[in-house]
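What follows is a short report on a single structure.
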Amino acid sequence: MKTSKIDESLLLDFYASLLTTKQVKVLNAYLNEDLSMQEIAEDLEVSKSAINDLIKRSINQMHKLEENLSLVAKFKKRNALYDKLEKIKEPMISDIIKEFKKIESED
Numbered sequence: 008m009k010t011s012k013i014d015e016s017l018l019l020d021f022y023a024s025l026l027t028t029k030q031v032k033v034l035n036a037y038l039n040e041d042l043s044m045q046e047i048a049e050d051l052e053v054s055k056s057a058i059n060d061l062i063k064r065s066i067n068q069m070h071k072l073e074e075n076l077s078l079v080a081k082f083k084k085r086n087a088l089y090d091k092l093e094k095i096k097e098p099m100i101s102d103i104i105k106e107f108k109k110i111e112s113e114d
């Protein structure tokens, strides 16, 4: 399953708390800070292949979590519905959408 770094970064946003500290550190450096595997390996004083393996295993783990929990898929569906509702331009609906988004951002 080929996914973009943006999609993988979104997975990390949702599933970071279920990964180890090292997995999160490496994935954040690779996906969000755009460091190369070689740069990460040098920073952590490990081989590039170790970083490559860790990234692949961690991304696979996040995909499996997503298959079981569907947090990202549900998030995307909710946002699509919010976008549709916002087009209605009804003040009460806009207020409710803001409340929903506030609740979601509290996590």
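If you want the numbering used here, it's the position in the sequence shown, counting the first as 1, plus 7.
Ideal placement from N, C-alpha and C gives every residue a C-beta, glycine not left out.
All values reported here derive from a predicted model rather than from experimental measurement.
Assignment of Lys108 by DSSP, reduced to helix, strand and coil, places it in the helix class. Boundaries for Thr27: no alpha helix (DSSP H) harbours it, and the DSSP string shows neither H nor E there. From the listed residues Glu40, Leu25 and Asn67, the smallest Cα separation to Thr10 is found for Asn67. In the DSSP annotation of this structure, the continuous segment of the alpha helix (DSSP H) that includes Lys91 starts and ends at Leu78 to Glu93. In this structure, Lys63 is the residue among Lys63, Lys55, Glu52 and Phe82 with its C-alpha nearest to the C-alpha of Val31. The DSSP-derived three-state label of Val53 is coil. No Cβ-Cβ contact shorter than 9 Å links Met69 with Glu106. In this structure, the straight-line span from the alpha carbon of Lys55 to that of Ile100 is close to 51 Å. Residue burial annotation: Ala80 is exposed, with fewer than 16 other C-beta atoms found within 10 angstroms of its C-beta. Within its own chain, the residues whose Cβ lies closer than 8 Å to the Cβ of Val33, once the five positions on either side in sequence are excluded, are Ile47, Leu51, Ile58, Leu61, Ile62 and Ser65, listed in chain order. Rounded to the nearest angstrom, the gap between the Cα atoms of Asn75 and Ser24 is 16 Å.
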